[in-house]
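S.K.: My questions will all concern the structure given below.
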Amino acid sequence: MNENSAAATKLVSTRSTPGTVLIVDDEVAARELCSEVALEAGLRVRTAATTEQALEALEQAPVDIVVTDLKVPQMGGLELLRRIRAAFPHIAVVVLTQYGTIETAVEAMRAGAADYLTKPFHVEELRNKLERLLRAVEMDHENRILREQLRSRPGFGGLVGISPRMQKVYKLIEKVSQHSYPVLVLGESGTGKELVARSIHFSGPRRSGPFVPVDCSALVPTLIESELFGYVKGAFTGALRSKVGLLEAADGGTLFLDEIADLPFDLQAKLLRALQEREIRPVGSNERVRINVRVIAATNRDLEAAIRSGSFRQDLYFRLNVVQIKLPPLRERKSDIPLLVNHFLEKFSDPERPVRSISEEAMARLMAYDWPGNVRELENAIERALALGSGPVLQLADLPSNLHSSSPDRLPASDELLPLEELERRAIFRALRETGGDKLAAARLLGIGKTTLYRKLKQYEAERQSA
Ligand SMILES: Nc1ncnc2c1ncn2[C@@H]1O[C@H](COP(=O)(O)OP(=O)(O)OP(=O)(O)O)[C@@H](O)[C@H]1O
Ligand SMILES: [Mg+2]
């Protein structure tokens, strides 16, 4: 028993690529034929003569594909299929039916079979089906690993943060990723707009298609049209050969129009037409090209103000703004700062000399700062601090100087020289005032431990009572 379970565990943990098939048939000759074909297709093979044996085998070690005859004893292939669907939904089941019993094949497909084959079949047919299923199983396997990796991070799809504001964002991303309508991502600079766009693309069915980012502010105005829509040879001087535009290059995938507010006014109309008609006409061409592209646009500007001032077309805004995702500035989700700091320490520290922690003082400073440049500024601050610092713990002195000067516990300039104890008392009460009495946050601000703060407060209380 122990040996068996040890062997099973080993199989699970050492298995890196999928590829085991279980063949269920009570006829020896049929089992052998199927086994031979499966081995040729590169699969590992296990066999069972009854449904009971089959279920036992499935309990013992992982299987990716089951090929079962429908008339196999005891419970029959259809019931076996149903049990597999319920207990092992990742397994692909192929059923073998007798010639002339198409109804049962239909029933099996309805019950969730991946495919069926009518006996007698050509060896080639079975091999093709097995190979195709193996590829699908492999893809599914890889996707599952990827999904697990995405899930195990404290955030979603490369986005770090678990604050309620970010969780709302993740829910929206998950929802919109399954569709193709346009999404408008808004937020201050450095809040993660591009990461959100990527995350939408890579969480949805378009993930195998291209993700094409276009920075509308970086394109040379006179070239934007040909960049977006492409051109044909001879369309203008210098067009020596035809070039596919970005809209066409994103076919089957996602076009990310970054800094959309910077798109010149006349091109806004052309873009709108392309999105409405799902067609483009390359510069210099008479022919239209169908496109199947999901558009995600982003900006840190106020588009409604741009519409009022006449620099942005309202009709394009309506078209792009089907769903809006608004990213909070970092100062409104400060509780995510520690997670982000850890993430960037992991990302930038030298694997040979990893820096895994940060002093309380330094963390307090990061929590107190306002982050006008949002996550990008925090990312840069940590990267620079790691480049400058040398110890295993990131220190306050390693942080950029602009963070130093925003010292939260800085006291008003005063010529008066006070005893250190009095300075400390004032700093503590000021921190408590600034955090609205939140002791934990005050301790963080001051760069001291929570217990130290509690101890000091008790001491002040005792002094007050005895006074
Ligand atoms: N939630 C997050 N988790 C981890 N990294 C993040 C997060 N948000 C942003 N970043 C990082 O911050 C940097 C800026 O993000 P991004 O480029 O997506 O911002 P943006 O909103 O597009 O900024 P801009 O408006 O300036 O283009 C990137 O390096 C990105 O990886
Ligand atoms: Mg950006």
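Residue numbers (the numbering used here): 6 to 472.
Every residue gets a Cβ at the ideal spot worked out from N, C-alpha and C, and that includes glycine.
Verify the contact flag: K198, CB atom, against every heavy atom of ligand 2, threshold strictly below 7 Å.
M.R.: Yes, the Cβ of K198 comes within 7 Å of a heavy atom of ligand 2.
S.K.: D220 bridges to which residues according to DSSP?
M.R.: Paired residue(s): D263.
S.K.: Go to Q400, then tell me how far its alpha helix (DSSP H) extends in each direction, as first and last residue.
M.R.: Q400 -> no alpha helix (DSSP H), and no H or E assigned at all.
S.K.: Report yes if the C-beta distance between L277 and R212 is below 8 Å; otherwise report no.
M.R.: Cβ distance not < 8 Å, so L277 and R212 don't count as in contact.
S.K.: Check the C-beta distance from L332 over to V201 and give it rounded, since I have them as a contact under 8 Å.
M.R.: Sure, about 7 Å apart at Cβ, within 8 Å.
S.K.: Here's a check: name, in chain order, each residue in its chain whose Cβ is nearer than 6 Å to the Cβ of V249, leaving out the five neighbours to either side.
M.R.: Excluding residues within five positions, the ones whose Cβ falls inside 6 Å are G235.
S.K.: Ignoring anything shorter than 4 residues, give me the alpha helix (DSSP H) runs that lie fully in the stretch 167-206, in order along the chain.
M.R.: As far as the stretch 167-206 is concerned, its whole alpha helix (DSSP H) runs of at least 4 residues are 169-182.
S.K.: In chain order, what are the residue ranges of uninterrupted beta strand (DSSP E) at least 3 long that sit wholly in the stretch 12-72?
M.R.: If we require 3 residues or more, the beta strand (DSSP E) runs fully inside the stretch 12-72 come out as 25-29 and 49-53.
S.K.: By DSSP, does A418 sit in helix, in strand, or in coil?
M.R.: For A418, the predicted model reports a pLDDT of 46, less than 50, meaning its position is unreliable and no value from the coordinates is stated.
S.K.: With a threshold of 7 Å (Cβ to nearest heavy atom), would D443 be considered close to ligand 2?
M.R.: Checking every heavy atom of ligand 2 against the Cβ of D443, none is found closer than 7 Å.
S.K.: What residues in its chain sit with their C-beta under 8 Å from that of V327, if we drop five residues either side in the sequence?
M.R.: So the list reads Y186, P187, V188 and L189, once near-sequence residues are dropped.
S.K.: Which residue from F161, L393, H95 and T196 puts its Cα closest to that of M144?
M.R.: The shortest C-alpha separation from M144 is found at H95.
S.K.: So, at 6 Å on beta carbons, what are the nonlocal neighbours of D375 in its own chain, with the 5 sequence-adjacent residues on each side left out?
M.R.: Taken in chain order, the residues that qualify are R336.
S.K.: Please find out if some non-hydrogen atom of ligand 1 comes closer than 7 Å to the beta-carbon of N297.
M.R.: No; taking the cut-off as 7 Å, the Cβ of N297 has no heavy atom of ligand 1 nearer than that.
S.K.: Could you give the distance in angstroms between the alpha-carbon of N297 and the alpha-carbon of Q58?
M.R.: Each residue's alpha carbon lies about 49 Å from the other.
S.K.: Please tell me whether, using a cut-off of 7 Å, the distance from the CB of D263 to the nearest non-hydrogen atom of ligand 2 is below it.
M.R.: Indeed, a heavy atom of ligand 2 lies less than 7 Å from the Cβ.
S.K.: What span of residues does the alpha helix (DSSP H) with Y322 cover, start to end?
M.R.: Taken as a continuous stretch (DSSP letters only), the alpha helix (DSSP H) holding Y322 covers Q319 to L325.
S.K.: Between the Cα of Q536 and the Cα atoms of L86, A254 and D341, which residue gives the shortest distance?
M.R.: No answer is possible for residue 536: the residues shown for the chain start at 6 and end at 472.
S.K.: Given this structure, state the Cα-to-Cα distance separating V360 from Q400, to the nearest angstrom.
M.R.: If you take the alpha carbons of V360 and Q400, they lie about 11 Å apart.
S.K.: Where does L280 fall in DSSP's three states?
M.R.: Helix.
S.K.: Report the three-state DSSP secondary structure of A116 (helix, strand or coil).
M.R.: DSSP places A116 in coil when its eight states are reduced to three.
S.K.: In angstroms, rounded to a whole number, what distance separates the CA positions of K127 and F93?
M.R.: Checking the sequence shown, residue 127 turns out to be His, not Lys. Taking the straight line from one Cα to the other gives about 29 Å.
S.K.: Taking the C-alpha atoms as reference points, what is the distance between V217 and F349?
M.R.: Approximately 26 Å between the Cα atoms of the pair.
S.K.: Between P405 and A386, how many whole angstroms is the CB-CB distance? I'm expecting something under 8 Å.
M.R.: The Cβ separation is near 5 Å, so the contact holds.
S.K.: Between the stretch 160-167 and the stretch 291-309, do at least 3 Cβ pairs fall closer than 8 Å?
M.R.: Touching, no, given that fewer than three Cβ pairs across the two stretches are closer than 8 Å.
S.K.: In chain order, what residues of the same chain lie with their CB nearer than 7 Å to the CB of M80, ignoring the 5 residues before and after it?
M.R.: T56.
S.K.: Does ligand 2 have a heavy atom nearer than 7 Å to the CB of A119?
M.R.: Answer for A119: no, Cβ out of range of ligand 2.
S.K.: From T457 to T196, what does the alpha carbon distance come to, in whole angstroms?
M.R.: Looking at the two C-alpha atoms, the distance is approximately 35 Å.
S.K.: For D267 versus E199, is the C-beta distance shorter than 8 Å?
M.R.: Contact: no.
S.K.: If I follow the unbroken beta strand (DSSP E) through I296, where does it start and stop?
M.R.: Segment: none, I296 is in no beta strand (DSSP E) and carries neither H nor E.
S.K.: Does any heavy atom of ligand 1 sit closer than 7 Å to the C-beta of E130?
M.R.: Answer for E130: no, Cβ out of range of ligand 1.
S.K.: Considering only residues of the same chain and omitting the five flanking positions on each side of V68, which have a CB-CB separation below 8 Å?
M.R.: Taken in chain order, the residues that qualify are T25, V26, L27, R51, A62, F93 and I96.
S.K.: Can you give me the C-alpha to C-alpha distance between P78 and L345, rounded to a whole angstrom?
M.R.: Going by the C-alpha atoms only, they are around 58 Å apart.
S.K.: Taking the continuous alpha helix (DSSP H) assigned at A342, which residues delimit it?
M.R.: According to the sequence shown, residue 342 is Ile rather than Ala. Here the alpha helix (DSSP H) through I342 covers I342 to F353.
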